[in-house]
Amino acid sequence: MNILIDENLSFFLSWFKQLGIIQLMHGRKIIKSKLKDIDILIIKSTTTINKQLLNNTKIKFIGSVTSGIDHVDLMWLKKKQIHFHFSPGCNSIAVAEYVLSCLLHLSIRDKFLLIKKTVGIIGVGNIGKCLSKKLNALGIKTLLYDPFVKKIFDYNTWTPLDTLIQNADILTLHVPLTTHGLYPTKHLINEKILLKLPDNCILINTSRGAVVDNLALLNIMRLGKPIKVVLDVWENEPKICLDLLSRVDIGTPHIAGHSIEGKIRGVITIFNKLCKFLGKKIQLKSLNSILDFFYKSDINRISLSGKCSQSKIYLLTLLTNNILYDDNQLKNYIHKKNNFDNLRSSYRNRREWSSINVKVDNAYFSQILKKIGFNAIYNKK
Numbered sequence: 018m019n020i021l022i023d024e025n026l027s028f029f030l031s032w033f034k035q036l037g038i039i040q041l042m043h044g045r046k047i048i049k050s051k052l053k054d055i056d057i058l059i060i061k062s063t064t065t066i067n068k069q070l071l072n073n074t075k076i077k078f079i080g081s082v083t084s085g086i087d088h089v090d091l092m093w094l095k096k097k098q099i100h101f102h103f104s105p106g107c108n109s110i111a112v113a114e115y116v117l118s119c120l121l122h123l124s125i126r127d128k129f130l131l132i133k134k135t136v137g138i139i140g141v142g143n144i145g146k147c148l149s150k151k152l153n154a155l156g157i158k159t160l161l162y163d164p165f166v167k168k169i170f171d172y173n174t175w176t177p178l179d180t181l182i183q184n185a186d187i188l189t190l191h192v193p194l195t196t197h198g199l200y201p202t203k204h205l206i207n208e209k210i211l212l213k214l215p216d217n218c219i220l221i222n223t224s225r226g227a228v229v230d231n232l233a234l235l236n237i238m239r240l241g242k243p244i245k246v247v248l249d250v251w252e253n254e255p256k257i258c259l260d261l262l263s264r265v266d267i268g269t270p271h272i273a274g275h276s277i278e279g280k281i282r283g284v285i286t287i288f289n290k291l292c293k294f295l296g297k298k299i300q301l302k303s304l305n306s307i308l309d310f311f312y313k314s315d316i317n318r319i320s321l322s323g324k325c326s327q328s329k330i331y332l333l334t335l336l337t338n339n340i341l342y343d344d345n346q347l348k349n350y351i352h353k354k355n356n357f358d359n360l361r362s363s364y365r366n367r368r369e370w371s372s373i374n375v376k377v378d379n380a381y382f383s384q385i386l387k388k389i390g391f392n393a394i395y396n397k398k
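Read in order, the letters of the sequence shown correspond to residues 18 to 398 in the working numbering.
Below, the structure written as C-alpha cells:
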C-alpha cells in the first residue's frame, strides 16, 4: 500500500509506516504525475482535490487533516467511490485562542476594555461556538449569526445579519467557503457590508480568505474608513495582496489553527479512519498521552496574585500566542520567495492554553481562567 503524505505531517510518519510505504511531498506540489502508484493520500488544505488531480489514478482513500473542505470536490469523489474523511473541530480551540489573543493585544495597544465591547460571530459551528463560550466567560456580549443553526445557545438568540453588522464592535468570521446554495459565503463580507460596519470596528477573518472581498477591503481602507483588521487568511494564498498586508493591524500566514494539540487531534482522526478502511486494528494512545511523551509542557511555574484583569490574561496568552511576533514575521519577510508557505511549514510548536499551569490566589480569577482554557490552580492566601 503506497501512501503519499503532506510533508508538513512528517512528524507522524511512524504511525503511518505501520500501514504502508510512505512518500512525502509539499502539498502544493502534489500533481497527477506524482500519483501513478499511490493508493492513499493524506493532505492538508494546500492540496486541491478534484477530477483534474485524481482521474485515472489508483487512489481509493483521501484523508484531509483539516477542519474545512473547500479544497475538495466531494461530489466527484462520491461519484468515483473514493473514500474521503476530514477532521472537523480539530483546531477549534486553537482558532478561538488566536482570536481572543488578537483582541487582547489590540485592547492593550489601543487602551480599551473588551468587556465593554460587543462581538458579532458569523458562523457558529465548532469554532464559533468555542469562541463564544470563552468570550461569554469573560463577560463579553456576543451576537451570533448562522442560518444553519436555528437554536444556537440557550443563553443567546439568533441575530439577523444586518442587525449584527450594525451593532458589533468586533466582527469575527467562522464559516466554510461556499459558492452555491441559499447562503454562499464567498465575498460574504463585500463592499456593501464593509461600509455598514461601525467606525473603528475590528474585523477578524480566520475562516477562508475569499469570505472577505480583499479588493473591496483594500479600497475602503485606502479611502480612509476607520476600521481595524486582523487577517489570518487571504485571497489567492500564497500570493497575497502586499498592499493589503501593509495596512492591516495584524496579518499572519494562515496559522490561527496551528496548535500541536489541533494537529494531533486531526491526525488521530484520519489515522483511525484509515485503519478502519484497511481493516487494521491499531490503537493509538490518547491525546494527553501523546502530548506528555513528545511535548511535555515546561510552562508550569506561573503564579498570579490579586483580582482578574485583562492585562494579566493578556500576559498569560503571550506564553503561547505571540501575535505581534507572527505579524512581524509575515510583514518583514513576505518578499522572500515562497515565504508565506515557508512561514506556515516552519511555524513554531504552539501549545494550547490548557498546557499552561498557573497558580492564582483569587477564586474568581481561577474560575475565569479555567473557563477560557487555562489549567488554573487556586491557592488560597
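Beta carbons are placed, not taken as given, at the ideal position from N, Cα and C, and that holds for glycine.
Within 8 angstroms, strictly: CB atoms of residue i and residue j
i, j, result
"Ile57", "Leu291", "yes"
"Pro270", "Leu335", "no"
"Thr195", "Thr202", "yes"
"Glu252", "Asn231", "yes"
"Cys147", "Val247", "no"
"Asn19", "Gln35", "no"
"Ile144", "Ser109", "yes"
"Leu206", "Val229", "The sequence given here places Ile at residue 206; Leu does not occur at that position. Closer than 8 angstroms, so yes."
"Ile187", "Ile219", "yes"
"Ile330", "Leu121", "yes"
"Gly390", "Lys151", "yes"
"Ile285", "Tyr364", "no"
Distance between residue j and residue i (C-alpha atoms, nearest Å)
i, j, result
"Ile276", "Asn67", "As written in the sequence, residue 276 is Ser, which differs from the Ile given in the question. Taking the straight line joining both Cα atoms gives about 28 angstroms."
"Lys388", "Ser372", "14 angstroms"
"Tyr115", "Tyr162", "20 angstroms"
"Asn236", "Leu261", "9 angstroms"
"Gln183", "Leu214", "6 angstroms"
"Glu24", "Phe288", "16 angstroms"
"Asn217", "Ile244", "4 angstroms"
"Leu304", "Thr64", "26 angstroms"
"Leu130", "Ile299", "50 angstroms"
"Lys397", "Ser326", "18 angstroms"
"Ala185", "Asp179", "10 angstroms"
"Gln69", "Lys49", "8 angstroms"
"Lys97", "Ala113", "36 angstroms"
"Tyr381", "Ile319", "17 angstroms"
"His102", "Gly80", "5 angstroms"
For residue i, the three-state DSSP class (helix, strand or coil)
i, result
"Gly140", "coil"
"Ala273", "coil"
"Asn392", "strand"
"Lys146", "helix"
"Asn374", "strand"
"Leu220", "strand"
"Leu308", "helix"
"Phe28", "helix"
"Tyr200", "coil"
"Lys49", "helix"
"Gln40", "strand"
"Leu21", "strand"
"Thr337", "coil"
"Gly323", "coil"
"Thr180", "helix"
"Val16", "The first residue shown for the chain is 18 and the last is 398, placing residue 16 beyond what the model contains."
"Tyr162", "strand"
"Leu190", "strand"
"Ser118", "helix"
"Gly11", "Since the displayed the chain opens at 18 and closes at 398, residue 11 lies outside it and no answer follows."
"Gly13", "Lying before the first or after the last residue shown, residue 13 is absent from the chain, which here runs from 18 to 398."
"Val112", "helix"
Inter-residue CB distance, residue i and residue j (contact presumed, cutoff 8 angstroms)
i, j, result
"Ser104", "Arg282", "7 angstroms"
"Val82", "Ile59", "7 angstroms"
"Phe294", "His100", "6 angstroms"
"Ile157", "Val136", "6 angstroms"
"His191", "Ile132", "The Cβ separation is near 21 angstroms, so there is no contact."
"Ile76", "Leu52", "6 angstroms"
"Leu407", "Asp266", "Given a span of 18 to 398 for the chain in the structure shown, any question on residue 407 remains unanswerable."
"Tyr200", "Pro177", "Actually they are not in contact, since the Cβ atoms of Tyr200 and Pro177 sit about 13 angstroms apart, beyond 8 angstroms."
"Cys107", "Gly226", "The Cβ separation is near 20 angstroms, so there is no contact."
"Asn379", "Asn392", "Contact flag wrong, Cβ pair sits at about 16 angstroms."
"Leu332", "Val377", "Not a contact, Cβ separation roughly 13 angstroms."
"Glu369", "Ala111", "6 angstroms"
Exposure label - residue i; buried when at least 16 CB within 10 Å
i, result
"Leu126", "Before going on, a small fix: residue 126 reads as Arg here, not Leu. So Arg126 counts as exposed."
"Tyr342", "exposed"
"Asp344", "buried"
"Lys61", "buried"
"Tyr172", "Residue confidence for Tyr172 is low, a pLDDT of 47 falling below 50, so the modelled location carries little weight; the figure read from the coordinates is stated next. Classification of Tyr172: exposed, given that the 10 Å Cβ count is below 16."
"His88", "buried"
"Phe29", "buried"
"Ile221", "buried"
"Leu212", "exposed"
"Ser84", "buried"
Closer than 7 angstroms: residue i CB and nearest the ligand SAH heavy atom
i, result
"Ser362", "The ligand SAH is absent from the structure shown, which contains no ligand whatsoever."
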